[in-house]
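*Asks:* The following block contains the structure, expressed as structure tokens.
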Amino acid sequence: MTAAPPSSLRERKKRRTRQALIDTALELFTRRGFGGVTLDELCEEVEVSKRTFFRTFTSKEDVAMAPDQDLWRAFLEELETVDPGGRPLVELGRDALLAALERMDDEGWTRRLLLSRRLAERTPSMGAHGLQFCEATTQEALEILERRFGLGAPGDLRPRLAVDMLIAAFRGAVAGWVAQADEAVGVAGVARVAGVGVADVAGVAAVADVAGVAGVGVADVAGVAAVADVAGVAGVGLAGVADVAGVADRVEPPARQDLAVRLRVEPPSRQDLAVRLRAAVAALPGSLALTTGPAADDEPAVS
3 MTAAPPSSLR
13 ERKKRRTRQA
23 LIDTALELFT
33 RRGFGGVTLD
43 ELCEEVEVSK
53 RTFFRTFTSK
63 EDVAMAPDQD
73 LWRAFLEELE
83 TVDPGGRPLV
93 ELGRDALLAA
103 LERMDDEGWT
113 RRLLLSRRLA
123 ERTPSMGAHG
133 LQFCEATTQE
143 ALEILERRFG
153 LGAPGDLRPR
163 LAVDMLIAAF
173 RGAVAGWVAQ
183 ADEAVGVAGV
193 ARVAGVGVAD
203 VAGVAAVADV
213 AGVAGVGVAD
223 VAGVAAVADV
233 AGVAGVGLAG
243 VADVAGVADR
253 VEPPARQDLA
263 VRLRVEPPSR
273 QDLAVRLRAA
283 VAALPGSLAL
293 TTGPAADDEP
303 AVS
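The sequence shown begins at 3 in our numbering and counts up by one.
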């Protein structure tokens with residue numbers, strides 16, 4: 003592969019601005035909730051105008067889902083050049099997607115994907131945006147397959163089903179990949195993983211927005227009583243707190259630097275995701291062979 007020509011200063015600046023918008027959006031959405039951050043606030047944080055934002059993204063949902071969308075755009079580019087080699091279509095698509103995954107070589111991409119996926123789980127508008135993007139990507143993939151390989155005759159559903167199965171395999175792989183991260187850091191295990199020494203805590207109510215991936219974002223904490231022996235909270239400066247009662251004001255989370263650096267927990271790697279994707283595609287034939295039948299009381303309803 004020939005080396006890409008050096009990018010212009012203007013192009014590099016656009017890429018840096020785009021990346022700053024993505025990183026800042028995911029950080030703010032994770033800490034404060036998707037609906038808790040306005041577009042004006044996001045642009046102000048990055049110090050860009052809304053016009054600049056809309057040159058790159060169409061909406062808050064668009065910027066929040068950029069890591070996922072970047073991968074699938076790279077997949078379409080790989081599909082344009084991948085060698086068919088007489089392979090089944092699903093395997094060809096798998097190899098194109100794996101090649102696209104290898105191109106996501108920015109060390110922060112896996113973390114951004116993880117944050118984006120976790121946000122999407124609790125943000126319905128991101129789910130709707132994702133469905134639209136998925137359908138548009140599917141149609142582009144089918145157009146490439148027809149143009150390059152002559153697949154997709156009228157009435158032939160096989161190319162569409164092959165692309166749909168590849169997408170389903172990827173979703174299954176990502177779900178397992180996200181669960182792998184959640185096993186390391188969850189709502190209940192944030193303090194343990196971050197090295198927080200907390201003892202004798204009682205009477206805590208209305209704790210919300212605990213972001214176990216990007217850090218600890220605690221909002222709307224009220225009615226805390228008899229908090230004692232709190233020390234060494236990952237360097238955020240909480241020590242020697244005792245007999246705090248009736249705290250009704252908003253408790254601010256640590257600074258973003260603390261959340262992103264001191265409480266940072268690395269997500270699984272791209273290689274982990276690639277392994278899961280290979281396994282998911284390999285499982286597709288077995289899933290199609292599953293048959294249903296009467297189940298015993300202690301057995302599942304498939305065989």
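Each residue gets a CB set at the ideal place from its N, CA and C atoms; glycine is no exception.
#1: Put V263 into one of helix, strand or coil per three-state DSSP.
#2: Give me the Cβ distance between L117 and T32, rounded to the nearest whole Å; I'm assuming they're in contact under 8 Å.
#3: Which stretch, first to last residue, makes up the alpha helix (DSSP H) that contains E185?
#4: Beta carbon of L279, beta carbon of R96: below 8 Å?
#5: Considering only their Cβ atoms, is the gap separating P161 from L147 smaller than 8 Å?
#6: Would you decide whether E29 is buried or exposed? Buried here means 16 or more other CB atoms lie within 10 Å of its CB.
#7: Return the CA-CA distance between T26 and R75, expressed in angstroms with no decimal places.
#8: Using DSSP with H/G/I as helix, E/B as strand and the rest coil, what is T294?
#9: Quick one, which of G35, K52, F36 and R34 has its alpha-carbon nearest D42's?
#10: According to DSSP, simplified to helix, strand and coil, what is V92?
#11: Checking 8 Å against the spacing of the C-beta atoms, do F77 and L91 come in under that value?
#12: Checking 8 Å against the spacing of the C-beta atoms, do F56 and L23 come in under that value?
#13: Rounded to the nearest angstrom, how far is the Cβ of L81 from that of M167, given a contact under 8 Å?
#14: Suppose the cutoff is 8 Å on Cβ atoms and the five residues either side in sequence are ignored; what does the same chain contact list for G131 look like?
#15: If you draw a straight line from the alpha carbon of L44 to that of F59, how long is it in whole angstroms?
#16: Counting only runs that start and end within the segment 31-114, where is the alpha helix (DSSP H) found for 4 or more residues in a row?
#17: From what residue to what residue does the alpha helix (DSSP H) around G132 run?
#18: Classify S271 as helix, strand or coil using the three-state DSSP reduction.
#19: Roughly how many angstroms separate the alpha carbons of Q182 and D85, rounded to a whole number?
#20: Whose C-beta lies closer than 8 Å to the C-beta of A281 among residues of the same chain, with five residues either side of it excluded?
#21: Buried or exposed for P126, going by 16 or more other Cβ atoms inside 10 Å?
#22: Please tell me whether L103 and A276 are closer than 8 Å, where the distance is taken between their beta carbons.
#23: Can you give the beta carbon distance from W179 to D274, rounded, assuming they're within the 8 Å contact cut?
*Replies:* According to the data block:
#1: Confidence is the limiting factor: at V263 the pLDDT is only 38, short of 50, which leaves the residue's position unreliable and the question unanswerable from this model.
#2: Confirmed, Cβ separation roughly 5 Å.
#3: For E185, the enclosing alpha helix (DSSP H) starts and ends at R160 to A186.
#4: Yes. Within cutoff.
#5: For the 8 Å CB-CB criterion, L147 and P161 form a contact.
#6: Buried is the label assigned to E29, since at least 16 other Cβ atoms lie within 10 Å of its Cβ.
#7: If you take the alpha carbons of T26 and R75, they lie about 22 Å apart.
#8: Note: T294 maps to strand in three-state DSSP.
#9: When the alpha-carbon of D42 is set against those of G35, K52, F36 and R34, the nearest one is in K52.
#10: If DSSP states are grouped into helix, strand and coil, V92 belongs with the helices.
#11: Contact check for F77 against L91 fails: the beta carbons are separated by 8 Å or more.
#12: The answer is no: Cβ separation not under 8 Å.
#13: Their Cβ separation, rounded to whole angstroms, is 15 Å, which puts L81 and M167 out of contact at 8 Å.
#14: At residue 131 the sequence reads His, which differs from the Gly that was named. Only S61, E63, D64 and M67 meet the Cβ criterion.
#15: Rounded to whole angstroms, L44 and F59 show a C-alpha spacing of 13 Å.
#16: For secondary structure counted as the alpha helix (DSSP H) over 4 or more consecutive residues, the segment 31-114 holds these complete runs in sequence order: 41-48, 52-58, 62-66, 68-81 and 91-105.
#17: From DSSP, the alpha helix (DSSP H) with G132 extends over P126 to F151.
#18: In the three-state DSSP reduction, S271 falls in the coil class, being neither helix nor strand.
#19: Distance from the CA atom of Q182 to the CA atom of D85, rounded to whole angstroms, is 33 Å.
#20: Around A281: A175.
#21: That one is exposed.
#22: Yes, the pair counts as a contact, with Cβ atoms nearer than the cut-off.
#23: The C-beta separation of W179 from D274 comes to about 6 Å, placing the pair in contact by the 8 Å criterion.
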